[in-house]
Structure formats: C-alpha cells, structure tokens
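Everything in the sequence shown is counted per our numbering, starting at 45 for the first residue and increasing by one.
C-beta: ideal position from N, C-alpha, C; glycine also.
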Amino acid sequence: MVAQRGGGGVSLCLASAGALKTLSIAAFTLAWTHSIEKTAWQEDWLVTPAGLELTQARIKGFGAGMEPPPEARLVGGWFQWSPPLVARPEVVLGNSGAAGEWQLCHGGHCQTLSEIFGHPIGANVTIMSVCKNP
Numbered sequence: 045m046v047a048q049r050g051g052g053g054v055s056l057c058l059a060s061a062g063a064l065k066t067l068s069i070a071a072f073t074l075a076w077t078h079s080i081e082k083t084a085w086q087e088d089w090l091v092t093p094a095g096l097e098l099t100q101a102r103i104k105g106f107g108a109g110m111e112p113p114p115e116a117r118l119v120g121g122w123f124q125w126s127p128p129l130v131a132r133p134e135v136v137l138g139n140s141g142a143a144g145e146w147q148l149c150h151g152g153h154c155q156t157l158s159e160i161f162g163h164p165i166g167a168n169v170t171i172m173s174v175c176k177n178p
C-alpha cells in the first residue's frame, strides 16, 4: 500500500507485537465486521500533523451496542455520519478473535493487518499513530 504521503510530511504508523510498519498515505478507511452482530463497519480517517482524524463513520445495520447516532443518514444501505473532528495521537485496535481482521483500505484496495505486516498478528493489539517524517 504505497500512496501519496500525508499532509505536512506525515505518514501512518502501525505498531503490533514489536513490529512497526509505515504507510505513506494521507487518508484511509478502517473496515471491520462487528464480532457479535456480524455487521460491516467502516471509518474514514485523515493522517494530519495534529493526529489521526475520524471524518466519517458507516455501519450496515445496528444492534448490540452499535446504534448509529441520531444524525446518521441512510445512504446506499449504510447508516453514515460525520463525528466531531478530534485529532487523536493514537488509535488502539484490539482483536477478540471472534470476527475477521481489521482492514485498511486506500485507493480502492484493502488489506488485513496481517497482510500489511506480512505475518499473522493474531490477538495482538495494533496501535495506529502519525509518523512524523524528517
């Protein structure tokens, strides 16, 4: 997954089980399947000098603690909404093993975290953060 470097000379860093991967991307979609409801969920993120910013979230259904907020609108079969922009220094991705892996999508291409790291990550936590490039 190689693309244009993020704005302000930043890239996305992924850390899991002592391994670090750097992706030169300015924006990406994080996709997964809810472990109980087996419902697709997607989030669009920006990689900025201030941190990771969630710009839009989408879910294919609701239930078991995953109700869309009141401002969500049904578009193309997805409930979607734009949460308030907050720059996060890191986002921690857990893995219960009860659902499929997290996927990162960019430019119409999606990869699981295991594919990005080049080996199974299993139940290891993955931390997403902004890499500041010199």
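Applying the criterion that 16 or more other CB atoms from any shown protein chain within 10 Å of the CB defines a buried residue, is residue i buried or exposed?
i           : result
residue 102 : buried
residue 64  : exposed
residue 58  : buried
residue 163 : exposed
residue 60  : buried
So residue i packs on residue j, CB below 8 Å; how close in whole Å?
i           : j           : result
residue 91  : residue 130 : Going by Cβ atoms, the distance from residue 91 to residue 130 rounds to 14 Å, so no, they are not a contact pair.
residue 127 : residue 98  : 6 Å
residue 85  : residue 144 : With 8 Å as the limit, residue 85 and residue 144 do not qualify as a contact, their Cβ atoms being about 11 Å apart.
residue 87  : residue 74  : 5 Å
Measure the alpha-carbon distance for residue i versus residue j and round it to whole angstroms.
i           : j           : result
residue 161 : residue 83  : 25 Å
residue 174 : residue 96  : 7 Å
residue 135 : residue 114 : 24 Å
residue 155 : residue 72  : 11 Å
residue 121 : residue 172 : 28 Å
residue 93  : residue 56  : 11 Å
residue 89  : residue 100 : 7 Å
residue 137 : residue 124 : 21 Å
residue 119 : residue 153 : 22 Å
residue 112 : residue 106 : 7 Å
Any idea which residues DSSP pairs residue i with across the strands?
i           : result
residue 171 : 59 and 136
residue 72  : 89
residue 95  : 92
residue 65  : 58
In chain order, each beta strand (DSSP E) run of at least 3 residues that lies wholly inside the segment 97 to 156:
117 to 119, 122 to 125, 134 to 137, 147 to 150 and 153 to 156
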